[in-house]
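Colleague: In this note's numbering, the protein residues as written are 1 to 491. Ideal Cβ placement from N, Cα and C applies to all residues, glycine included. Note that this is a predicted model, so its numbers are computed, not measured. Right, I'll just put the structure down here and ask away after.
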C-alpha cells in the first residue's frame, strides 16, 4: 500500500480495492505534474504537489497501520508492511523497504528529469521574450539534485541565470552608458537568449548622444568642442545592422530605434545634427530596413545644414558661416533654400573665399554688361552704372572680387613747397615725393557654375596732385619720400 502510493499515482488504493481513491489520486497528481511542468515558476503549484504526495502516503500509512488483536491478513492481501505472500508466509521487512526505496528513487529521478525540462522550457520562453523576471523565478528552482539527474540541462540553466541577472541589472541601471556596456557584456554571454538586447543597447547609445547634444546647446564653445558622439552614433548603427543580420525578426524594433533617433536630430543644435548627418549619409546600408529608415534623412539634412550656417554666423563668425553655406550649395544646389544660402554668401562678402555654384543664376555668356555683385569696392563711391549691378543672387551673373589697394609700380617724383604754416626738414626748401600706382587684383566668378572666368591685376591713380596734404607732429614733418596714388572716380 505505502509503496503503491509512494509512486504518486495512487496505486496503493487499488491494492485495497478503493478504485475511487485511486482514480482521484492519479488524476490529481497528473494534473498537478502537468501544471508544474507548464508553470514551473509558480511556487504554489509545487507546494500543492508536495502536499498531495505526502497526503496520499500518509493516508496509505493510516489505512495499513495494525491495530491491536487484528488477525493476520488473508492470503493474498497486504499486511502491515505490504509484504505478505499467498502461502501465508511474510517477506523480510528489508526487502520491502529496499523495493520502496528503489521505487522512490526512480520516481524522484523521473521527476527531476521532467522538472529540469519544464524549468528550462519555461525559462527559455520567458528569457527569449525579454522577461527575465519570470525566467529567474523558474530558474531559482534548479538545485544540485537537478544537476545529478540531468547535468547538461542544469548547466544551461545556470548559464541562463547568469545572463538574465546581467540583463536585469542592465535594464535597471539609470546611467545610459553603464547600461549599454552591461548589455554588450550580456550579448557576449553563452546564456544570452534575448535578441532585443541589440536594439535596446543601440537605443541607449543614441539617447545618450541626443541628451549630450542638448546639454551642450548651441554655444560657441559647443561648436568648437570635439564631437565624440559621432563614434557612438556609428557604434549604435553598427549594432542595429548586426542585429538585423542575426535576428531578422527584430527589424521592426530596429526601425523604430533608428526613426526615433533621426527624428530627435531636429531637437538638437543644427551644427551637431549636421555632423551626425554627414556621418550617416556617408554610410552605404545593405539591409533594406536601414535603407528605408535612413532614406528620409537625405531630405531633412539640408535644412539642418542651412540652419547650422545661421548659427555659425551668429556664434563663430562669417568665415565659418560661409564655409557652411558653400557646403550647402555644393551638396544641394537645387534645394529651395539654395537661393537664401547664396544670398548669405554674397551679403557676408565671403563668396570670394568660398565660391560655390548657384544654378538658378543666369549663365555668363554673350556680350556685356553682365550684372555683377562687387566685393572689395563700393560701386556707389566710384559711380558704377546701375545696369552693372545685380539686386539679388538670382539676378547675378558675375561675382567680382577686388583686393587692394596695394603698392603698384613707380609713376613719378614730384616736388612740393611747404605752406605758410608748414615746416620742412632743416636745409630743405622743397619736399620730393615719389608716387606709386595703386594696384588692385580683380577676380570674377560665374555664380551659375561657381567657376572663375577672369583674373587680372590693374594699377590706377594720377601722380603729382596740385596740392599734397600731409600731417606733422611737433618737430617731425609727415611728408615721406614716397606716396601711393589714391584711386578716384575719374581714374
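Taking all protein chains shown into account, do 16 or more other C-beta atoms lie within 10 angstroms of the C-beta of residue 313, making it buried, or fewer, making it exposed?
Modeller: Taking the chain shown and counting its residues from 1, one reaches residue 313 at position 313. Per the 10 Å Cβ criterion, buried.
Colleague: Consult DSSP for residue 412 and reduce its assignment to one of helix, strand or coil.
Modeller: On the chain shown, residue 412 is found 412 positions in, with the first residue counted as 1. It is a strand residue.
Colleague: As a quick exercise: from 302, 334, 265, pick the residue whose alpha carbon is nearest that of residue 324.
Modeller: As a first step, residue 324 must be located in the chain shown, where it is residue number 324. Looking at the Cα atoms, 302 is the closest of the given residues.
Colleague: Is DSSP giving residue 398 helix, strand or coil here?
Modeller: The residue labelled residue 398 in the question sits at position 398 within the chain shown. Of the three classes helix, strand and coil, the one that applies to residue 398 here is strand, per DSSP.
Colleague: Which one or two residues does DSSP pair with residue 375 in a beta bridge?
Modeller: On the chain shown, residue 375 is found 375 positions in, with the first residue counted as 1. Residue 375 is bridged to 401.
Colleague: Can you tell which of 204, 205, 229 has the C-alpha that lies nearest to the C-alpha of residue 216?
Modeller: Counting from one through the chain shown, the residue named residue 216 turns up at place 216. Per the Cα distances, 229.
Colleague: What distance in whole Å lies between the Cβ atoms of residue 440 and residue 402, which are believed to be in contact at a cut-off of 8 Å?
Modeller: As a working note, residue 402 is residue 402 in the chain shown. As a working note, residue 440 is residue 440 in the chain shown. Rounded, the Cβ-Cβ distance is 6 Å, consistent with contact.
Colleague: Distance, Cα to Cα, residue 155 vs residue 284?
Modeller: Along the chain shown, one-based indexing puts residue 155 at 155. Along the chain shown, one-based indexing puts residue 284 at 284. C-alpha separation (whole angstroms): 42 Å.
Colleague: Specify the secondary structure class of residue 454 as computed by DSSP and reduced to three states.
Modeller: Position 454 of the chain shown holds residue 454. Three-state result, residue 454: strand.
Colleague: Let me check understanding here. Comparing Cα to Cα, which of 194, 109, 181, 265 lies closest to residue 211?
Modeller: Taking the first residue of the chain shown as 1, we reach residue 211 at position 211. Checked all of 194, 109, 181, 265; the closest Cα to residue 211 is 265.
Colleague: Tell me which same chain residues have a C-beta within less than 6 Å of the C-beta of residue 206, skipping the five on either side of it?
Modeller: Translated into the one-based positions of the chain shown, residue 206 becomes position 206. Contacts found: 236, 261.
Colleague: Below 8 Å on the Cβ atoms is my guess for residue 199 versus residue 257; work out the distance and round it to an integer in Å.
Modeller: Here residue 199 corresponds to residue number 199 of the chain shown, with the count starting at 1. Here residue 257 corresponds to residue number 257 of the chain shown, with the count starting at 1. Contact holds; Cβ gap of about 5 Å.
Colleague: Considering only residues of the stretch 249-311, which uninterrupted alpha helix (DSSP H) runs meet the minimum length of 4 residues and lie entirely inside it, listed in chain order?
Modeller: The stretch 249-311 contains these whole alpha helix (DSSP H) runs: 251-264, 270-281, 288-294.
Colleague: Note down the Cα distance separating residue 333 from residue 357, rounded to an integer number of angstroms.
Modeller: Here residue 333 refers to the residue found at position 333 when the chain shown is read from its first residue. Here residue 357 refers to the residue found at position 357 when the chain shown is read from its first residue. If you take the alpha carbons of residue 333 and residue 357, they lie about 7 Å apart.
Colleague: Pairing CB atoms from the stretch 383-392 with CB atoms from the stretch 454-473, are three or more of them under 8 Å?
Modeller: They do not touch, by the three-pair rule.
Colleague: Taking the C-alpha atoms as reference points, what is the distance between residue 275 and residue 126?
Modeller: One-based indexing of the chain shown puts residue 275 at position 275. One-based indexing of the chain shown puts residue 126 at position 126. Taking the straight line joining both Cα atoms gives about 41 Å.
Colleague: Decide if residue 19 is buried, meaning its Cβ has at least 16 other Cβ atoms within 10 Å, or exposed.
Modeller: Here residue 19 refers to the residue found at position 19 when the chain shown is read from its first residue. By the 10 Å Cβ count, residue 19 comes out exposed.
Colleague: Quick one, which of 183, 245, 282 has its alpha-carbon nearest residue 288's?
Modeller: Along the chain shown, one-based indexing puts residue 288 at 288. When each option's Cα is compared against that of residue 288, the closest is 245.
Colleague: Ignore the nearest five residues each way along the sequence and tell me which others in residue 72's own chain have a CB closer than 6 Å to its CB.
Modeller: Residue mapping note: residue 72 aligns to position 72 of the chain shown, counting from 1. A caution first: residue 72 carries a pLDDT of 42, below 50, which makes its placement in the model unreliable, though a value can still be read off. No residues qualify anywhere along the chain.
Colleague: In three-state terms, what does DSSP make of residue 434?
Modeller: Position 434 of the chain shown, counted from the first residue, corresponds to residue 434. Note: residue 434 maps to strand in three-state DSSP.
Colleague: For the alpha helix (DSSP H) holding residue 140, just list the boundary residues, first then last.
Modeller: The residue given as residue 140 occupies position 140 in the chain shown. First-last for residue 140: undefined, no H or E at that position.
Colleague: Once the 5 residues before and after residue 160 are set aside, which same chain residues still bring their CB inside 8 Å of it?
Modeller: Counting from 1 along the chain shown, the entry for residue 160 is found at position 160. Excluding residues within five positions, the ones whose Cβ falls inside 8 Å are 120, 123, 124, 127, 135, 139, 191, 193.
Colleague: For the alpha helix (DSSP H) holding residue 214, just list the boundary residues, first then last.
Modeller: Here residue 214 is taken as the residue at index 214 of the chain shown, counted from 1. Residue 214 -> alpha helix (DSSP H) spans 197-216.
Colleague: By the three-class DSSP mapping on this structure, what secondary structure does residue 444 have?
Modeller: Numbered from its first residue, the chain shown carries residue 444 at position 444. Residue 444 falls in the strand class under three-state DSSP.
Colleague: When you compare each of 117, 340, 292, 271 to residue 308 by their alpha carbons, which one comes out closest?
Modeller: By 1-based counting over the chain shown, the position of residue 308 is 308. Taking only the C-alpha atoms, the option nearest residue 308 is 271.
Colleague: Assuming residue 339 is part of the alpha helix (DSSP H), what are its boundary residues?
Modeller: As a position in the chain shown, residue 339 is number 339, starting the count at 1. Residue 339 -> alpha helix (DSSP H) spans 338-348.
Colleague: Does DSSP classify residue 365 as helix, strand or coil?
Modeller: For the purposes of this step, residue 365 is identified with residue 365 of the chain shown, where counting begins at 1. It is coil, neither helix nor strand.
Colleague: Looking at residue 254: is its Cβ nearer than 8 Å to the Cβ of residue 232?
Modeller: Here residue 254 refers to the residue found at position 254 when the chain shown is read from its first residue. Here residue 232 refers to the residue found at position 232 when the chain shown is read from its first residue. Result no, Cβ atoms of residue 254 and residue 232 do not sit closer than 8 Å.
Colleague: Anyone know if the C-beta pair for residue 52 and residue 34 falls short of 8 Å?
Modeller: As a first step, residue 52 is located in the chain shown; it is residue number 52 there, counting from the start. As a first step, residue 34 is located in the chain shown; it is residue number 34 there, counting from the start. No. Outside cutoff.
Colleague: Please go through the same chain and pick out, in chain order, the residues whose beta-carbon is closer than 6 Å to the beta-carbon of residue 180, but skip the five residues on each side of it.
Modeller: Against the chain shown, residue 180 aligns to sequence position 180. Closer than 6 Å at the Cβ level, and outside the excluded window around residue 180, lie 201, 204, 205.
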